[in-house]
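Student:
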Amino acid sequence: MTSTSSSAWARVQDSPWFWLLPAGLFLLVFYTWPLLDVVRLSFTNASLVAPDYDYTFDSYRRVLRDPSTLRTLKVTFLFAGGSVILKLVLGMALALAIDAGVKRGLHGIVLVRTSVLAAWVIPGVVVGVLWKILLSTSSHGLLNYWIQAAFGNSVGFLTDPDIALSTAILANVWRGVAFTMILLYAGLQRIPPELYEAARVDGAGAIARFRFVTLPTLAPVIFIALVLITIGGINTFDLIMALTEGGPARATEVVGLRVYQQVFQFMNLGRGAALAVLLLAVNLLMTLIYLRLLRINRKTD
Amino acid sequence: MTHANVEIGSAGGRRLANTGLYAIYAVAVLFTLFPILAVVMLSMKQPSEVFSWPPTFLPATLNLDTYIYVLTETTIGRMLWNSVFLTACSTAGCIAISAPAAYAFSRLKFRAQKPLLLILLVYQMISSMVIALPLYRYFEALGLLDSHMGVILVYITVEIPFTVWLLKGFFDAIPPSLDEAARIDGASRLQVLRIVILPLAKPGLAAALIFNVIAGWSQFIIPFILIQRAEMLPISIGVLNFAPGQTEGEITIPYLAAASIIAMLPALTMFVLLQRYIVQALTGGAVKG
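Given below as structure tokens:
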């Protein structure tokens, strides 16, 4: 290689685009383009099977007028909200317990952490299947047999429309509580020990220290966990598909399931796309909040 | 308040608090492991045991017949292989494509840097369902439905944003003075990445590897929509409506249980072996963003 060609090659390497090109191409072709296209499709009456379509606001009009859209949104937010509250409370309890255990030199912490995190590694579909088997009202349903032995009647975890959503939340919390725990635990490590010392000198007990030192210092991390869990909850599809398929009586039908149904069962691409844009809008809104929180975090750091 | 002081002060109080903590640990471990263990036990039951009342936690005999049956007589083996193939190819591809991008974000200064990083973050938050709808149309038109190649390209794409952020965080932690020393010795930027940065960022590469494997193994929406032929499906979809042979209803339960355990085992094993890298990555980078 001559020196001029090698210096040209070095100059190419000084350009950021040389490094960003492969990733950029993938994202443009398989992400940005489909994203724009789904917005375009939402303004059409396209069907999955017929090639021709017209541009119209009809898909949005129908989606927004359809009472089941509102129900789906409600189910989605209840699912995400319930998951958020439980994951935060249980994740916080676990993070505090592990933090305290580490400080006291207790045994078995790694075992606890590993087993809780293990649930997070299992594919969502498999989580759904596990809980479906476990909570079944059939003769193999172990939990229901025990409940029946203790309280006299079994619980329709998956068959009762009033309970099914709570069941889905339970399975989702089982899967994801470890992630919240790890986020909060990392946050706990960054609280200066002097703050606790000062509070202790002032005579603050354990609860007062948690209330006046831990919570306020940890607040930014808690909010970030909150947004991340909410987005995860809103986007859930696999777990519910395996657990309830959106039933019974559509009690667990989250937005993702409804989009899938509109497009791949009713072949209604336009309306499915409009619903998908609704989902996209919620995703973007949550991301905006997340970014705002990150900025506040960086300022206080 | 005096209560808390007693707790810290006396040895008895400390022992009480420790016992309380161990109790919390026990509940947490039980809550996590019980569903898995119950399904493992169920997977070892004979089909006839499923009808017996009352149901028992332990199977009558410990045998692996259901596993042997599921692996040899059903399509699960094939699906397992599909998952391994899709996960391996997409993980390798994603890291190979994300590492140079992470280098640029970490070491070069350019005007679009911040906006591009933000776009990556936004993409990470969007449900795959949104892009899967148009992709289905393109793939159908191109005859790419049911092709592993097409699915791998999409897997790679959806994992790029997180992988770039993750690797950038690890690259940032390597002192730039090291690259400069290598550059003075005449190394090109590509050589710097290969000789200096990548070897030092091994924990980051390990974390990227694990996250990609876990994500690839769990991918659902994309293969669910883009693959229809049963023999091409990954195992994450295979377990959804798993029913072996001519069996129906209750009888399928031990087989379904075995299939679920088989489906989670590879990701679980990998996680247990390499979990310290996951914890390191999660506690180090995820919150700071």
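Residue numbers (the numbering used here), protein chains in the order written: chain A, 1 to 301; chain B, 302 to 590.
Think of the CB as a built atom: it goes at the ideal place given N, C-alpha and C, for glycine as much as any other residue.
Owing to the predicted nature of the structure, the values given are computational and were not obtained by experimental measurement.
(1) Mind pulling the chain A residues with CB within less than 9 Å of Tyr404/B?
(2) Taking 8 Å as the cut-off, decide whether the C-beta atoms of Ala558/B and Leu467/B are in contact.
(3) Using a C-beta to C-beta distance shorter than 9 Å, which residues of chain A count as neighbours of Arg490/B?
(4) Just the chain B side, please: which residues come within less than 7 Å of Ile182/A by C-beta, in chain order?
(5) For Asn513/B, go through chain A and note every residue whose CB falls closer than 7 Å to its CB, in chain order.
(6) Note down, in chain order, each residue of its chain lying with its Cβ closer than 7 Å to the Cβ of Gly101/A, except the 5 sequence neighbours on either side.
(7) Under the DSSP definition of a beta bridge, which residues are partnered with Thr332/A?
(8) Does Phe151/A come within less than 8 Å of chain B when only Cβ atoms are used?
(9) Taking only the alpha-carbon atoms, compute the straight-line gap between Asn513/B and Pro193/A and give it to the nearest angstrom.
(10) So, helix, strand or coil for Asp202/A, using DSSP?
(11) Give me the Cα-Cα distance between Thr307/A and Phe79/A, rounded to the nearest whole angstrom.
(12) Put His449/B into one of helix, strand or coil per three-state DSSP.
(13) Compare the Cα-Cα distances from Tyr556/B to each of Arg271/A, Thr32/A, Ile133/A, Ala46/A and report the closest residue.
(14) My understanding is that Ala208/A touches Leu117/A, with C-beta atoms under 8 Å, so please give their C-beta distance in whole angstroms.
(15) Would you say Val116/A reaches chain B, if we count a Cβ-Cβ gap shorter than 8 Å as a contact?
(16) So, for Gly256/A: in the same chain, excluding its five sequence neighbours on each side, which residues have a beta-carbon less than 6 Å away from its beta-carbon?
(17) Could you give the uninterrupted runs of the alpha helix (DSSP H) lying entirely in the region 422–469 of chain B, keeping only those of 4 residues or more?
(18) Name the residue from Leu269/A, Met286/A, Ala171/A, Leu293/A whose alpha carbon lies nearest to the alpha carbon of Asp54/A.
(19) Counting pairs of Cβ atoms below 8 Å between the region 488–503 of chain B and the region 453–463 of chain B, do you hit three or more?
(20) Under 8 Å, Cβ to Cβ, is there at least one residue of chain B near Pro22/A?
(21) Using the C-alpha atoms, what's the distance from Leu575/B back to Leu479/B?
(22) Would you check if the distance between the CB atom of Gly517/B and the CB atom of Thr388/B is smaller than 8 Å?
(23) Of the residues that make up the region 334–347 of chain B, which ones have a beta carbon closer than 9 Å to any beta carbon in chain A?
(24) I want to verify the contact list: residues of chain A whose CB lies under 7 Å from the CB of Ala519/B, in sequence order.
(25) So Asn45/A and Thr32/A are in contact, right, with Cβ under 8 Å, and what is the actual spacing, rounded?
(26) Hey, how far is the Cα of Ala10/A from the Cα of Leu184/A?
Tutor: On the basis of the supplied data:
(1) Along the second sequence, one-based indexing puts residue 404/B at 103. Correct list: Trp19.
(2) Counting from 1 along the second sequence, the entry for residue 558/B is found at position 257. Counting from 1 along the second sequence, the entry for residue 467/B is found at position 166. No, Cβ-Cβ distance for Ala558/B and Leu467/B is not below 8 Å.
(3) For this step, residue 490/B is matched to residue 189 along the second sequence. Neighbours of Arg490/B on chain A, chain order: Ala10, Gln13, Asp14, Phe18, Trp19.
(4) The residue you call residue 182/A lines up with position 182 of the first sequence. Within chain B, the residues near Ile182/A are Val580, Leu583, Thr584.
(5) Here residue 513/B refers to the residue found at position 212 of the second sequence. Neighbours of Asn513/B on chain A: none; closest Cβ ~13 Å, over 7 Å.
(6) Position 101 of the first sequence, counted from the first residue, corresponds to residue 101/A. Around Gly101/A: Ile109.
(7) Given a span of 1 to 301 for chain A in the structure shown, any question on residue 332/A remains unanswerable.
(8) One-based indexing of the first sequence puts residue 151/A at position 151. Closer than 8 Å: no.
(9) Your numbering for residue 513/B matches position 212 in the second sequence. Your numbering for residue 193/A matches position 193 in the first sequence. Near 36 Å, if we compare the C-alpha coordinates of Pro193/A and Asn513/B.
(10) For the purposes of this step, residue 202/A is identified with residue 202 of the first sequence, where counting begins at 1. Here Asp202/A sits in coil by DSSP.
(11) In this structure chain A extends from 1 to 301, so residue 307/A is not present and cannot be described.
(12) Walking along the second sequence from the start, residue 449/B turns up at place 148. His449/B falls in the helix class under three-state DSSP.
(13) Stepping through the second sequence from its first residue, residue 556/B is reached at position 255. Of the candidates Arg271/A, Thr32/A, Ile133/A, Ala46/A, the one whose C-alpha sits nearest the C-alpha of Tyr556/B is Ile133/A.
(14) What you label residue 208/A is simply residue 208 of the first sequence in a count that begins at 1. What you label residue 117/A is simply residue 117 of the first sequence in a count that begins at 1. Not confirmed; about 31 Å, so no contact.
(15) Sequence index remark: in the first sequence, residue 116/A carries index 116 (1-based). In terms of beta-carbon proximity, Val116/A lines the interface with chain B, with at least one pair separated by less than 8 Å.
(16) Numbered from 1 along the first sequence, position 256 holds the residue referred to as residue 256/A. Listed in chain order, the non-local C-beta contacts of Gly256/A below 6 Å within the same chain comprise Phe237, local neighbours out to five positions each way being set aside.
(17) Here the runs fully enclosed are 429–443.
(18) Locating residue 54/A in the first sequence gives position 54, counting from the first residue. Taking only the C-alpha atoms, the option nearest Asp54/A is Leu269/A.
(19) Between the region 488–503 of chain B and the region 453–463 of chain B there are fewer than three C-beta pairs closer than 8 Å, too few to call the two in contact.
(20) For the purposes of this step, residue 22/A is taken as residue 22 along the first sequence, with counting starting at 1. Yes, Pro22/A counts as interfacial toward chain B.
(21) For the purposes of this step, residue 479/B is identified with residue 178 of the second sequence, where counting begins at 1. For the purposes of this step, residue 575/B is identified with residue 274 of the second sequence, where counting begins at 1. Near 28 Å, if we compare the C-alpha coordinates of Leu575/B and Leu479/B.
(22) Taking the second sequence and counting its residues from 1, one reaches residue 517/B at position 216. Taking the second sequence and counting its residues from 1, one reaches residue 388/B at position 87. Their beta carbons are under 8 Å apart, which means Gly517/B touches Thr388/B by this criterion.
(23) Within the region 334–347 of chain B, those residues whose Cβ lies closer than 9 Å to any Cβ of chain A are, in chain order, Leu334, Phe335, Pro336, Ile337, Ala339, Val340, Met342, Leu343, Lys346.
(24) The sequence position of residue 519/B within the second sequence is 218, counting from 1. This sequence places Ser at residue 519/B; Ala is not what is there. The answer, in chain order, is Pro123, Gly124.
(25) To locate residue 45/A, count along the first sequence from 1; it is residue 45. To locate residue 32/A, count along the first sequence from 1; it is residue 32. Actually they are not in contact, since the Cβ atoms of Asn45/A and Thr32/A sit about 25 Å apart, beyond 8 Å.
(26) Indexing the first sequence from 1 puts residue 10/A at position 10. Indexing the first sequence from 1 puts residue 184/A at position 184. Per the coordinates, the alpha-carbon of Ala10/A lies some 44 Å from the alpha-carbon of Leu184/A.
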